[in-house]
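J.: In this note's numbering, the protein residues as written are 321 to 777. Don't be surprised by glycine CBs; every beta carbon is placed ideally from N, CA and C. A quick note: this is a predicted structure, and the numbers were derived from the prediction, not measured. The structure under discussion is supplied below as structure tokens; questions concerning it will follow.
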Amino acid sequence: MTEPTAVQPTLNDIVALCKRRGFIFPSSEIYGGFAASWDYGPLGVEMKNCVKSLWWQDTVTSRDDVVGMDGAVTTHPRVWEASGHVEGFHDPLVDCKTCGHRFRADKLDEECCPLKPSKTPRECGGELTPPRDFSLMFKLHWGPVEDSANITYLRPETCQTIFPNFKNVLTATRMRVPFGIAQIGKSFRNEITTKAFIFRQREFEQMELEYFVHPSESDKWFAFWLERRRQWYLSLGVRESHLRLRQHGKDELAHYAKDCYDVEYKFPMGWSELEGIANRTDYDLRRHSEFSKKDLSYRDDLTGEKYFPWVIESSAGVDRTILVLLSDAYDIDQAPNDKGEMEERLVLRFSPKVAPVTVAVFPLFKKPGLSELARQIEHSLRGPYRTAYDETGNIGKRYRRQDEIGTPLCITVDYDSLEDHAVTIRNRDTMRQIRVSVDQIHQAVADQLKEMEKPRG
Ligand code: ATP
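Dropping the structure here:
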């Protein structure tokens, strides 16, 4: 095996692999596609489920100070007035008078002119209108009457169903500040710029935590969640050198926020936001109290103090996390083919925690005896692991197929297995093969996977 080449894939490399191997497909492709919409295929949905369950475990079930909820996608429209979205959730939009296309005024350098694709809308010579505000919220009529009184919105973020439930959760659970409420769910934004694959979609999934604290402790908890969230990405195997925290400047900071950092990743198109972590002060609970006329303040039953808790928010994207995992894992190295000649190998170096298949099992040949034993082993590994069974094509090709989807371990059953009751376990990264007796497989698999979960630096 030669050293990995630390390949930096392009977005097109990732899009092509995702479609070919069933991670992610363009939505409605047989109808020509649907802008900024993507469907997760068999491997993509496994990864998505892993990401969400690892986040839930880290944020909710491993802690006694965080509970979860699952709010409705559509809410009373007053929620969005109170949150400030109706008034202020806009992006600056410009129209090109020459080609009729619309662009986000603050992202002009990332766009291509549709008539002269090698040029940005600033360079192509088309005349742009002055920027105007464009609301990112999707409006809809709620109920059978299409009346302006029935207008509401698809939520552009999940957290605004958490704040109106603050008192409900407190009463139902008897949680005490500091504590958090977490939620995973779909959000919708009518984005103007929709390139960059699943990085910017109009429908996407968020994992959000609103952590309520005493105002005097907000800096401490802000620092705590900043580091905890950074560590979470490292625990998924993301390389530390591709991750950074960027503090918002005064000009970027929302008017109500005391502090905000973006967790940024070095995506194929450059450093960009993966998650936002903000100290939102008491803005949300105060605003919802004001607009609903319901008191959402907190009374400390030990000290008797009554106050609006401040909120530390961690707001991460499921889809952007998937794009990070794919980009970070993508690698090309050299591996021997069936004739022993070295050839290029595409390999996804996923942590076993997020690999869509953890262990693949093959009979060396599709022959009675071998297939049965291979099937038996595969079935015994189901449950603790995500398994696959493959008996088609030569063994080299089967290894290559699993490398390409990032399967950490492959187990091969051969003719000797029927005699010595042992199999070969092959490691994706080292390509080393070890012989293990069938009754030791579970232990050997667990040991190798543990080793492969170690941070990549
Ligand atoms: P950007 O500046 O890239 O538009 P944002 O600052 O508007 O992002 P937030 O409102 O902080 O994003 O949303 C929190 C997280 O939700 C983001 O860090 C990202 O992971 C995810 N997210 C936001 N918008 C989208 C989108 N259009 N498509 C996919 N994920 C998104």
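Which class does Glu-323 belong to by DSSP, given the choice of helix, strand or coil?
T.: Any reading at Glu-323 needs caution, since the residue's pLDDT is 43, under 50, leaving its predicted position unreliable; the model's value is listed next. Note: Glu-323 maps to coil in three-state DSSP.
J.: Does DSSP classify Phe-517 as helix, strand or coil?
T.: Here Phe-517 sits in helix by DSSP.
J.: Inspect the beta-carbon positions of His-741 and Val-756 and report whether they are closer than 8 Å.
T.: Not closer than 8 Å, so no.
J.: Would the beta-carbon of Val-387 fall within 8 Å of that of Thr-493?
T.: Going by C-beta atoms, Val-387 is nearer than 8 Å to Thr-493.
J.: Whose C-beta lies closer than 6 Å to the C-beta of Ser-357 among residues of the same chain, with five residues either side of it excluded?
T.: Excluding positions up to five away in sequence, the list reads Ser-347.
J.: Could you check the C-alpha separation between Pro-441 and Gln-551 for me, to the nearest Å?
T.: Rounded to whole angstroms, Pro-441 to Gln-551 spans 39 Å at the Cα level.
J.: Run through the stretch 716–759 for me and flag every whole alpha helix (DSSP H) of 4 or more residues, listed as ranges in chain order.
T.: Listed in chain order, they are 735–740.
J.: Tell me the DSSP secondary structure of Asn-332 in three-state form.
T.: Helix.
J.: Apart from the five residues just before and just after Lys-417, which ones in its own chain have a Cβ nearer than 8 Å to its Cβ?
T.: Answer for Lys-417: Gly-446, Glu-447, Leu-448, Thr-449, listed in chain order.
J.: Does at least one heavy atom of the ligand ATP sit under 7 Å from the Cβ of Gln-526?
T.: Indeed, a heavy atom of the ligand ATP lies less than 7 Å from the Cβ.
J.: Can you tell me whether DSSP reads Tyr-603 as helix, strand or coil?
T.: Helix, per DSSP.
J.: According to the neighbour-count rule (16 or more other Cβ atoms, all chains shown, within 10 Å of its Cβ), is Gly-713 buried or exposed?
T.: With fewer than 16 other Cβ atoms within 10 Å, it is exposed.
J.: Return the CA-CA distance between Thr-322 and Thr-750, expressed in angstroms with no decimal places.
T.: Only weak support is given to the placement of Thr-322: the predicted model assigns it a pLDDT of 40, under 50, and the question is left unresolved by the model.
J.: Run the proximity test for Phe-519: is its beta-carbon closer than 7 Å to any non-hydrogen atom belonging to the ligand ATP?
T.: Checking every heavy atom of the ligand ATP against the Cβ of Phe-519, one is found closer than 7 Å.
J.: For Gly-719, count neighbouring Cβ atoms within 10 angstroms of its own Cβ and tell me buried if that reaches 16, exposed if not.
T.: First, the amino acid is wrong: residue 719 is Tyr here, not Gly. With 16 or more other Cβ atoms within 10 Å, it is buried.
J.: What did DSSP end up calling Ala-543 once you bin it into helix, strand or coil?
T.: In the structure shown, Ala-543 sits in a helix (DSSP, three-state: H, G or I).
J.: Please confirm whether any heavy atom of the ligand ATP lies closer than 7 Å to the CB of Ser-635.
T.: Correct: Ser-635 has its Cβ closer than 7 Å to the ligand ATP.
J.: Leaving out five residues before and five after Gln-768 in sequence, what residues of the same chain have Cβ atoms less than 8 Å from its Cβ?
T.: Only Pro-728, Leu-729, Ile-745, Asn-747 meet the Cβ criterion.
J.: Checking 8 Å against the spacing of the C-beta atoms, do Val-644 and Tyr-585 come in under that value?
T.: Contact: yes.
J.: Grab me the residues of Val-365's own chain with a C-beta within less than 6 Å of its C-beta, minus the 5 sequence neighbours each way, in chain order.
T.: Excluding residues within five positions, none has a Cβ falling inside 6 Å.
J.: What did DSSP end up calling His-410 once you bin it into helix, strand or coil?
T.: Strand at His-410.
J.: Starting from Phe-343, follow the alpha helix (DSSP H) in both directions and report where the run begins and ends.
T.: Neither: Phe-343 is in no alpha helix (DSSP H) and is coded neither H nor E.
J.: Measuring only from the beta carbon, is Arg-776 closer than 7 Å to any heavy atom that is part of the ligand ATP?
T.: Flag unset: Cβ of Arg-776 not near the ligand ATP.
J.: Under 8 Å between the Cβ atoms of Ile-482 and Trp-545?
T.: For Ile-482 and Trp-545, no; Cβs fall outside 8 Å.
J.: Using DSSP's beta-bridge definition, name the partner residues of Tyr-553.
T.: Paired residue(s): none; Tyr-553 is not in a bridge.
J.: Tell me the rounded alpha-carbon separation between Pro-324 and Cys-419.
T.: Because the pLDDT of Pro-324 is 45, which lies under 50, any placement of that residue in the model is unreliable, and the number read from its coordinates should be weighed accordingly. Spanning the two alpha carbons is a distance of roughly 45 Å.
J.: Where in the stretch 567–637 do unbroken runs of the alpha helix (DSSP H), each at least 4 residues long, occur, reported from the N-terminal end onward?
T.: Listed in chain order, the complete alpha helix (DSSP H) runs (minimum 4 residues) inside the stretch 567–637 are 603–612.
J.: On the DSSP bridge assignment, give the partners of Cys-416 in chain order.
T.: According to DSSP, which records beta bridges pairwise, Cys-416 is partnered with Leu-448.
J.: Is it the case that the CB of Leu-594 approaches a heavy atom of the ligand ATP more closely than 7 Å?
T.: Leu-594 Cβ: within cutoff of the ligand ATP.
J.: Below 7 Å, is the gap between the Cβ of Asp-429 and the nearest heavy atom of the ligand ATP?
T.: No, the Cβ of Asp-429 stays beyond 7 Å of every heavy atom of the ligand ATP.
J.: May I have the straight-line CA-CA distance separating Lys-613 from Glu-547, to the nearest angstrom?
T.: Cα to Cα, Lys-613 sits roughly 36 Å from Glu-547.
J.: With DSSP collapsed to three states, give me the class of Ala-425.
T.: It is helical.
J.: How far does the beta strand (DSSP E) with Met-457 in it extend, from its first residue to its last?
T.: Met-457 -> no beta strand (DSSP E), and no H or E assigned at all.
J.: Taking only the alpha-carbon atoms, compute the straight-line gap between Pro-329 and Leu-374 and give it to the nearest angstrom.
T.: Those two C-alpha atoms are separated by around 26 Å.
J.: When the Cα atoms are used, what is the spatial distance from Leu-684 to Glu-663?
T.: The alpha-carbon atoms of Leu-684 and Glu-663 are separated by roughly 22 Å.
J.: Label Lys-368 either buried or exposed according to how many other C-beta atoms from any shown protein chain fall within 10 Å of its C-beta, with 16 as the threshold for buried.
T.: Buried: at least 16 other Cβ atoms inside 10 Å.
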